[in-house]
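In this text, residue positions in the sequence shown follow my numbering: the first is 36, and each later residue adds one. For each residue, glycine too, the CB sits at the ideal point set by N, CA and C. Model, not experiment: these values are computed from the prediction. Down below is the structure, laid out as structure tokens.
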Amino acid sequence: MRPSWMRRHATWLWPAALVAIGVLRAINRYLIDVANDHATLFVPKLIEELTGSLSFGAFLPVLFIALRRMPPTWYAHLGLFAALSVAQTSLMIGLRWVVFGIARLPGYAYPPTVWRYLMEVPTQLFFYVMIAIGLWLFDRYREGKARELRAAQLESALSEARLEALRLQLNPHFLFNALNVVSELLYDRPRVADEMLSRIGELLRSTLAATAQEHRLADEWRLLSLYLDIQRARFGEGLDAVVQADHALDDLRVPFLILQPLVENAIEHGGAGDDRRVRIDATRESGRVMVRIRDAGGGEARAGHGIGLRNVDARLRHLYGDDAGVRLDPVPDGGSLVTLWLPARRWELA
Numbered sequence: 036m037r038p039s040w041m042r043r044h045a046t047w048l049w050p051a052a053l054v055a056i057g058v059l060r061a062i063n064r065y066l067i068d069v070a071n072d073h074a075t076l077f078v079p080k081l082i083e084e085l086t087g088s089l090s091f092g093a094f095l096p097v098l099f100i101a102l103r104r105m106p107p108t109w110y111a112h113l114g115l116f117a118a119l120s121v122a123q124t125s126l127m128i129g130l131r132w133v134v135f136g137i138a139r140l141p142g143y144a145y146p147p148t149v150w151r152y153l154m155e156v157p158t159q160l161f162f163y164v165m166i167a168i169g170l171w172l173f174d175r176y177r178e179g180k181a182r183e184l185r186a187a188q189l190e191s192a193l194s195e196a197r198l199e200a201l202r203l204q205l206n207p208h209f210l211f212n213a214l215n216v217v218s219e220l221l222y223d224r225p226r227v228a229d230e231m232l233s234r235i236g237e238l239l240r241s242t243l244a245a246t247a248q249e250h251r252l253a254d255e256w257r258l259l260s261l262y263l264d265i266q267r268a269r270f271g272e273g274l275d276a277v278v279q280a281d282h283a284l285d286d287l288r289v290p291f292l293i294l295q296p297l298v299e300n301a302i303e304h305g306g307a308g309d310d311r312r313v314r315i316d317a318t319r320e321s322g323r324v325m326v327r328i329r330d331a332g333g334g335e336a337r338a339g340h341g342i343g344l345r346n347v348d349a350r351l352r353h354l355y356g357d358d359a360g361v362r363l364d365p366v367p368d369g370g371s372l373v374t375l376w377l378p379a380r381r382w383e384l385a
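Now the structure itself:
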């Protein structure tokens, strides 16, 4: 990360600010005298204000360090203020002796008497209190932001862990179901079982290679096509599964392997025997991606969507909050309709 402009130029901004304060205060004092018809030399006022602001600024780093390290007690503040007051006033008086001498104005310099020290205390005390309070508030603000950042990081890590657990849950769930079917077909239909194993291996290679929670809708269609090939090998002509993919939506982001458990449920409960009909389509409506999966099953379809539907809903809620969800509705002429919606966001390469 590049440092900010102020950090890059801090070495000259700080002295420049102190000089500007001194010059402005000198101008203010001079104009007050002019307004009171008592004009005096400007240079002595400028020297006084510059030596005052620069001597005060010289001890500010010490003040910042001490305020952060000392115990927050009244006697600690009293001791720190007294020490800095004496040191700053001594430096200021010494600078004025030197500068007024160089400017050939020695009459404006004054000796370090007790009253000279005491006359600086009210101004020094005001700035000490303001700086102490300001630094305390700034540190509390910074600590609060740091806590918020840590909380956000922990929440993000927890959410990511939950999402990863949900995503990885799909692989064994699908794999166990598929291998059970292969074991049933292995002796009666060995060629079909072999073809299913080949497609299962290809699909698992794709899923295990994935590292992100989201990918392009076009990639989701490709994985779904592999899965449907496995199911077609199982059911043959008894499975009528049609995907209506709108290629204008191919670059939209969707959760990885979000459709497979829903389509699996639709196939399992989309009919009986050799008559299983499933229709899948996606549209874009009002800034959302709407995916619909319809099956032609009977009443048992509504009760059979179980873990897949809960898994999908949990993943959508973790990723998109209330902007996404999934719903299961009965269809009047038989079967069920699963509707999934999420924000329409385009995939961008990092």
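Terminal residues of the continuous alpha helix (DSSP H) containing aspartate 254?
For this step, residue 254 is matched to residue 219 along the sequence shown. Unbroken alpha helix (DSSP H) run through aspartate 254: 252 to 270.
What whole-angstrom Cβ distance do arginine 131 and alanine 122 have, given they're in contact under 8 Å?
Reading the sequence shown from its first residue, position 96 is the one you call residue 131. Reading the sequence shown from its first residue, position 87 is the one you call residue 122. Not a contact, Cβ separation roughly 15 Å.
Rounding to the nearest angstrom, what Cα-Cα distance links alanine 379 and alanine 52 in this structure?
As a first step, residue 379 must be located in the sequence shown, where it is residue number 344. As a first step, residue 52 must be located in the sequence shown, where it is residue number 17. When rounded, the distance between both Cα atoms is 50 Å.
What's the call for isoleucine 293, buried or exposed, on a 16-neighbour Cβ count within 10 Å?
Along the sequence shown, one-based indexing puts residue 293 at 258. Buried.
Can you grab the Cα-Cα spacing for the pair arginine 323 / valine 313, in whole Å?
Reading the sequence shown from its first residue, position 288 is the one you call residue 323. Reading the sequence shown from its first residue, position 278 is the one you call residue 313. Near 23 Å, if we compare the C-alpha coordinates of valine 313 and arginine 323.
Cβ atoms of glutamine 248 and proline 296: under 8 Å apart, would you say?
What you label residue 296 is simply residue 261 of the sequence shown in a count that begins at 1. What you label residue 248 is simply residue 213 of the sequence shown in a count that begins at 1. Taking 8 Å as the Cβ cut-off, proline 296 and glutamine 248 do not qualify as a contacting pair.
Excluding the five sequence neighbours on either side, which residues of its own chain have a C-beta within less than 6 Å of the C-beta of isoleucine 81, listed in chain order?
Residue 81 sits at position 46 when you count from the first residue of the sequence shown. First, the amino acid is wrong: residue 81 is leucine here, not isoleucine. Once the five neighbours on either side are set aside, the close Cβ partners of leucine 81 are Ala61.
Is it true that the segment 222 to 240 meets the segment 262 to 279, where meeting means three or more beta-carbon pairs spaced less than 8 Å apart?
Yes, the segment 222 to 240 is in contact with the segment 262 to 279.
Spatial neighbours of methionine 105 within its chain, please: C-beta separation below 7 Å, excluding the five flanking residues on both sides.
Sequence index remark: in the sequence shown, residue 105 carries index 70 (1-based). Ala111, Leu115.
Can you give the Cα-Cα distance for leucine 140 and glutamate 84, rounded to whole angstroms?
Reading the sequence shown from its first residue, position 105 is the one you call residue 140. Reading the sequence shown from its first residue, position 49 is the one you call residue 84. Taking the straight line from one Cα to the other gives about 15 Å.
Between glycine 360 and aspartate 348, is the Cβ-Cβ spacing less than 8 Å?
One-based indexing of the sequence shown puts residue 360 at position 325. One-based indexing of the sequence shown puts residue 348 at position 313. Taking 8 Å as the Cβ cut-off, glycine 360 and aspartate 348 qualify as a contacting pair.
Per DSSP, what are the beta-bridge partners of threonine 374 in this structure?
Indexing the sequence shown from 1 puts residue 374 at position 339. Threonine 374 is bridged to Arg327, Arg362.
Under the rule that 16 or more other beta-carbon atoms within 10 Å means buried, what is valine 217, buried or exposed?
By one-based count along the sequence shown, residue 217 stands at place 182. Buried, since its Cβ has 16 or more Cβ neighbours within 10 Å.
Can you tell me whether tryptophan 171 is buried or exposed? The criterion is at least 16 other CB atoms within 10 Å of its CB, across all chains shown.
As a first step, residue 171 must be located in the sequence shown, where it is residue number 136. Classification for tryptophan 171: exposed.
Measuring straight from C-alpha to C-alpha, what distance separates leucine 214 and phenylalanine 270?
Counted from its first residue, the sequence shown places residue 214 at position 179. Counted from its first residue, the sequence shown places residue 270 at position 235. Their Cα atoms are separated by approximately 15 Å.
What are the start and end residues of the beta strand (DSSP E) that includes threonine 108?
Within the sequence shown, residue 108 is the residue found at index 73, counting from 1. Unbroken run through threonine 108: none, as it is neither H nor E.
How is aspartate 310 classed by DSSP in three states: helix, strand or coil?
Taking the first residue of the sequence shown as 1, we reach residue 310 at position 275. The answer is strand: DSSP assigns aspartate 310 an E or B state.
Based on DSSP bridge pairs, tell me the residues matched to arginine 381.
In the sequence shown, counting from the first residue as 1, residue 381 sits at position 346. DSSP, once it has assigned bridges, lists Leu287 as partnering arginine 381.
Beta-carbon within less than 7 Å of glutamine 159's beta-carbon, same chain only, minus the 5 sequence neighbours each way: which residues are those?
As a position in the sequence shown, residue 159 is number 124, starting the count at 1. Closer than 7 Å at the Cβ level, and outside the excluded window around glutamine 159, lie Ser120, Gln123.
In the DSSP output, which residue or residues are listed as bridge partners for valine 278?
The count along the sequence shown starts at 1 and reaches residue 278 at position 243. DSSP lists Ile315 as partners of valine 278.
Taking contact to mean 3 or more Cβ pairs, one atom from each stretch, closer than 8 Å, check whether the segment 146 to 157 and the segment 92 to 104 are in contact.
Contact between the segment 146 to 157 and the segment 92 to 104 is absent, because fewer than three Cβ pairs lie under 8 Å.
To which residues does DSSP link glutamate 320 through a beta bridge?
Locating residue 320 in the sequence shown gives position 285, where the first residue counts as 1. Paired residues: Arg323.
When the distance is taken between beta carbons, is arginine 251 closer than 8 Å to tryptophan 382?
As a working mapping, residue 382 is identified with position 347 in the sequence shown. As a working mapping, residue 251 is identified with position 216 in the sequence shown. It is a contact, given that the beta carbons lie within the stated cut-off.
Give the secondary structure of glutamine 248 by DSSP, where H, G and I count as helix, E and B as strand, and everything else as coil.
The residue labelled residue 248 in the question sits at position 213 within the sequence shown. It is coil, neither helix nor strand.
Is the Cβ-Cβ distance between alanine 268 and valine 227 less than 8 Å?
For the purposes of this step, residue 268 is identified with residue 233 of the sequence shown, where counting begins at 1. For the purposes of this step, residue 227 is identified with residue 192 of the sequence shown, where counting begins at 1. Closer than 8 Å, so yes.
If the criterion is Cβ atoms closer than 8 Å, does the pair leucine 283 and tryptophan 256 meet it?
Residue numbering aside, residue 283 sits at position 248 when the sequence shown is read from its first letter. Residue numbering aside, residue 256 sits at position 221 when the sequence shown is read from its first letter. A small fix is needed here, since residue 283 is alanine in this sequence, not leucine. Their beta carbons are not under 8 Å apart, which means alanine 283 does not touch tryptophan 256 by this criterion.
Does any C-beta atom of chain D lie closer than 8 Å to the C-beta of tryptophan 132?
Of the protein chains in this structure there is only one, and it is not chain D.
For the alpha helix (DSSP H) containing alanine 74, list its first residue and its last residue.
Along the sequence shown, one-based indexing puts residue 74 at 39. It is not in any alpha helix (DSSP H) - alanine 74 carries neither H nor E in the DSSP assignment.
If you run the structure through DSSP and keep just helix, strand and coil, what is arginine 139?
The residue you call residue 139 lines up with position 104 of the sequence shown. Looking at arginine 139 - three-state DSSP - the assignment turns out to be coil, as it is neither helix nor strand.
What is the DSSP secondary structure of tyrosine 222, reduced to helix, strand or coil?
Position 187 of the sequence shown, counting from 1, holds the residue named residue 222. Of the three classes helix, strand and coil, the one that applies to tyrosine 222 here is coil, per DSSP.
Do the CB positions of arginine 319 and glycine 370 come within less than 8 Å of each other?
The residue labelled residue 319 in the question sits at position 284 within the sequence shown. The residue labelled residue 370 in the question sits at position 335 within the sequence shown. No, these two residues do not count as a Cβ contact at 8 Å.
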